[in-house]
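Numbering (full-length UniProt numbering), first residue to last: 1 to 518.
Idealized CB from N, CA, C, for every residue including glycine.
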C-alpha cells in the first residue's frame, strides 16, 4: 500500500500530462500567429549565425528580442532540426508555407519543453507549504497542465510560456522548501530567459534578503549575501558576458527594452490603462461638445497600432517611469509583508501579486502576460474556498481576454470548448473538494469561515459578471455585425478589454486585500 501511495502522484501526473499532450497534438494544424514566424526565424538565426551576430542581425523583421538564455534554448532546439527538414535552420527563411514535418517539429518543441512545467508542478504538488506532510490536491496539477489559456497561447498562437512558467514554478518550489539559494539562482536563470519576469524581482530581492540573509548574525548573514550574490552573478555572467565581450550590450538592451513601442499593445490588455484611455476619450468628447478646443492626437489607440508615443487629448501623457512607479507603489504592501514576515508558505501569493501589479500598471503589457499569475495561483486555488472562488472567476476572465488572439473562424469552437471544459472541471472539482470535507451535509465551513452550500459555489455577483461575458461574446459574434456591418471593427475588442479589465481589477484588489489581512 505504501509503495502504491508513493507512486500514485507520479502516475496521476503522467496521466494528466499525457491527456494534455493528446490535446496539443490535435492542435498541431491550427492557426499560427506571427509568433510562429518569430520563433521559426530565431531557430534558424541561432543555428546558422555565430552568437556575435544574434543581436545585430537585421535581415528580418523578426529580430531577436529575448535574453541570451532563450537564444541558447533556441539553439538547443535547432540541433536536431536538420534531420527533420533542412529549411528549419536555413537563412533566409523560405517564404513558402512550412511543410507538415516542419510544422510538427516546431509544435513538438513546445510540447516537449512543457516537461519542465510538469516537473515543477509535480514538485509543488508533492508537498504543501502549509503543512509539508500533506500533498496539494491533484486538481491543482490538472488546473496548471490543462489551462485553456496556456493551451491557446502556446499550442495554437505559438509561444514557449510553459517552459518559462516551469522555471518560475521550480524557483517557487525551492523557496517553499526553504532552499533559498537554489530558488534565487533559478529565478536569475528565468530573468535571463525572459526579462518580463523582472516585475517579480523586487519581491524576490526583499524576501531572499530577509529570509536567507538576515537574522543569522552579521558574519553569517554577510556570507549568505555574498553567496547569493555570487550565484546570481554567475548566472547573469553566463548569459551576458559573451555579448559584453562582443561589445553588443547597448544593442542587446535596446532589443530587450523597446520603450518606444508605446503604452499599450496592439490589442489592449485588460488592465488599468484601458480605463485611463477610455476616460480620456470620454472627457475629450464631452469637452468638445461643451465648446472647448480639444485637439485629438493623430495617433489613435483604437486603430490597434503600436506607436512611438502614448497620445492623450485631456489626461496627462503616461511615460515608462510613471508606469514603473505605479507598479512599485501597488506592490509596496506585498514588499512590506515580505520584509516584515518572510514566510515561505506565502511566497506563491506574493510573486503572483507582483506579476499582477506588473500586468495591471506596466508599460506595453501583452494580454498573454496574465499567464504569469494565473498559472501560479492555480496551485493554491484549493487552499481555501475563497481562493477557489477567486481563481474560478480569474481563470475564466483571463482565458476569455485571450479570445481575440485566435480570430479565425475554424479556431472558434476550439477556444470555446477549451474554456467551457475548464470551467466545468473547476466547478465540479471545487464543489466536490470542499463538499467532501464538510462536517455537515450540504455545507462546509472552511478555515476562513466561508460556508459552502450545494449549488451555490459562487455568489450572484460573480455569476452575473460571468454571464456578462456571454453577452459580450454574443454582441461581438452576432449583433455587432448585424447592426454595424464592417464599421467600428475596434468596438468588440474594446468591449472585451474593458469588461475583462473589470475582472482583472477585481483580482488585483482581492489579492491585495488578502495580503493586507494576512
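*Counting along the chain, where does the alpha helix (DSSP H) carrying residue 186 start and finish?*
180-191
*So what's residue 264 in DSSP terms, helix, strand or just coil?*
strand
*asked:* Does residue 470 pass the burial test, meaning 16 or more other C-beta atoms within 10 Å, or should it be called exposed?
replied: exposed
*Could you tell me if residue 280 is buried or exposed, where buried requires 16 or more neighbouring beta carbons within 10 angstroms of its beta carbon?*
buried
*Under 8 Å between C-beta atoms of residue 71 and residue 64*: Result yes, Cβ atoms of residue 71 and residue 64 sit closer than 8 Å.
*So the alpha helix (DSSP H) residue 207 belongs to, where does it begin and stop?*
201-208
*Since residue 147 contacts residue 73 with CB under 8 Å, what's their CB separation in whole angstroms?*
Contact doesn't hold; Cβ gap of about 21 Å is too wide.
*Would you decide whether residue 381 is buried or exposed? Buried here means 16 or more other CB atoms lie within 10 Å of its CB.*
buried
*Can you list, in chain order, the residues of its chain whose CB lies under 7 Å from that of residue 433, leaving out five sequence neighbours each side?*
137, 139, 382
*If you draw a straight line from the C-alpha of residue 514 to the C-alpha of residue 465, how long is it?*
Computed Cα separation, rounded: 21 Å.
*If you scan the segment 389-448 from start to end, which runs of the alpha helix (DSSP H) of 4 or more residues do you find wholly inside it?*
412-436
*Have a look at the DSSP bridge pairing and note the partners of residue 521.*
It is not possible to answer for residue 521, since the shown part of the chain is limited to 1 through 518.
*Rounded to whole angstroms, what's the CA-CA distance from residue 10 to residue 145? Just pull it up for me.*
14 Å
*Could you name the residues of the same chain whose beta carbon sits closer than 8 Å to that of residue 189, not counting the 5 residues immediately before and after it, in chain order?*
69, 167, 235
_residue 385 versus residue 463: straight-line alpha-carbon distance, rounded_ = 16 Å
*asked:* If you follow the alpha helix (DSSP H) that residue 51 is in, where does it begin and where does it stop?
replied: Run containing residue 51: none; DSSP gives neither H nor E here.
_Pair within 8 Å by beta-carbon distance, residue 202 and residue 335_ = yes
*asked:* Suppose you measure from the CA of residue 198 to the CA of residue 256; what does that come to, to the nearest Å?
replied: 12 Å
*Note the first and the last residue of the continuous alpha helix (DSSP H) segment covering residue 382.*
Segment: none, residue 382 is in no alpha helix (DSSP H) and carries neither H nor E.
*Identity of the residue in 170, 435, 262, 460 nearest residue 321 by Cα*: 262
*Where does the unbroken alpha helix (DSSP H) through residue 99 begin, and where does it stop?*
Where residue 99 is concerned, there is no enclosing alpha helix (DSSP H), given that its DSSP letter is neither H nor E.
*asked:* Would residue 232 and residue 185 be called neighbours here (beta carbons separated by less than 8 Å)?
replied: yes
_Opening and closing residue of the alpha helix (DSSP H) in which residue 334 lies_ = 320-340
_Reference residue 101, options 29, 349, 151, 494, closest by Cα_ = Ranking the options by Cα distance to residue 101, first place goes to 29.
*asked:* Can you tell me whether residue 220 is buried or exposed? The criterion is at least 16 other CB atoms within 10 Å of its CB, across all chains shown.
replied: exposed
*Taking the Cβ atom as the reference point for each residue, do residue 169 and residue 200 lie within a distance shorter than 8 Å?*
no
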